Amino acid sequence: MSRGIVIFIEGDTEVEFYTKLIDQLHTFAPGQRFKVDKLIIRNLKGIGNYKNRAKRIFENEVISRNPGVNFTVVLCYDTDVFDLSAKPPVVWSEVEQQLKASGANKIIHVKAKRTIENWFLYDAKGILRYLRLPEDSKIPINGGADVIKTLYKKAGKVYIKGSATKGFVDALDIKAIMILICHELKKLCKELGMKCSGNKCRGNGEQL
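In terms of the working numbering, the sequence shown is numbered consecutively and its last residue is 301.
Here it is in structure tokens:
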């Protein structure tokens, strides 16, 4: 049976980021080929009603359109609303149960600690260049979306979390960011058939 991966993400910004991330990983893969036959990215547009929307999209847009493909589901999300909430908005065990009942072979999680904006801030220079702000601007590294909103405001722009912002993700050095989030990406890389021991990325796609 053919192998496939479907990546579920939360918003338009994430679509752009993960698309570029996958493109970069592709250049690292042995022979520039992933060990999967089908790779799909789907935007769930937030975490509201996550369980049912993930199930519906998986059944109607993934499984039904790709008969004979054995899919691994990759759930990508920010951790902030789960770390700080006494009653998390999504019960991941229930999401996994429904997806497996719908035909998912395997489910893995890619968690952006706090928010994906914290990942973006690993390339602060790229953000400042994009916004045409001084290179010596001070940026709190752990500020996440609020810091990026503040920087956008200084540049006379508005940052809306989850919404696409033309040129923003393209301005980021994805390879540099990958080095710093290697641990979070390890399971995804493994599913794609890439060698990884969990440390920093090298240009040949292996990890040391």
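We treat Cβ as the ideally placed atom computed from N, Cα and C, and that holds for glycine. These figures come from a predicted structure and were not determined experimentally.
Check, Outcome
"Measure the beta-carbon distance from Y223 to F261 and round it to whole angstroms, keeping in mind my assumption that it falls under 8 angstroms.", "6 angstroms"
"Determine, for F151, whether the minimum Cβ-Cβ distance to residues of chain D falls below 8 angstroms.", "Here chain D cannot be found, since the structure has a single protein chain."
"Does the beta-carbon of D266 have 16 or more other beta-carbons within 10 angstroms, so that it is buried, or is it exposed?", "exposed"
"Report buried or exposed for V251, applying the criterion of at least 16 other Cβ atoms within 10 angstroms of its Cβ.", "exposed"
"Report the three-state DSSP secondary structure of N297 (helix, strand or coil).", "The pLDDT assigned to N297 is 43, lower than 50, so where the model puts this residue is not dependable, and the model offers no usable value."
"I156 by DSSP, collapsed to three states: which one?", "helix"
"For the candidate residues D229, K204 and P233, whose alpha-carbon lies nearest to that of K279?", "K204"
"Could you work out which residue in I200, N163 and Q191 is closest to K144 when comparing CA atoms only?", "Q191"
"Using three-state DSSP, classify V261 as helix, strand or coil.", "As written in the sequence, residue 261 is Phe, which differs from the Val given in the question. Correct three-state label for F261: coil."
"Measure from the alpha carbon of P182 to the alpha carbon of each residue in I140, E152 and K193, then state which is nearest.", "I140"
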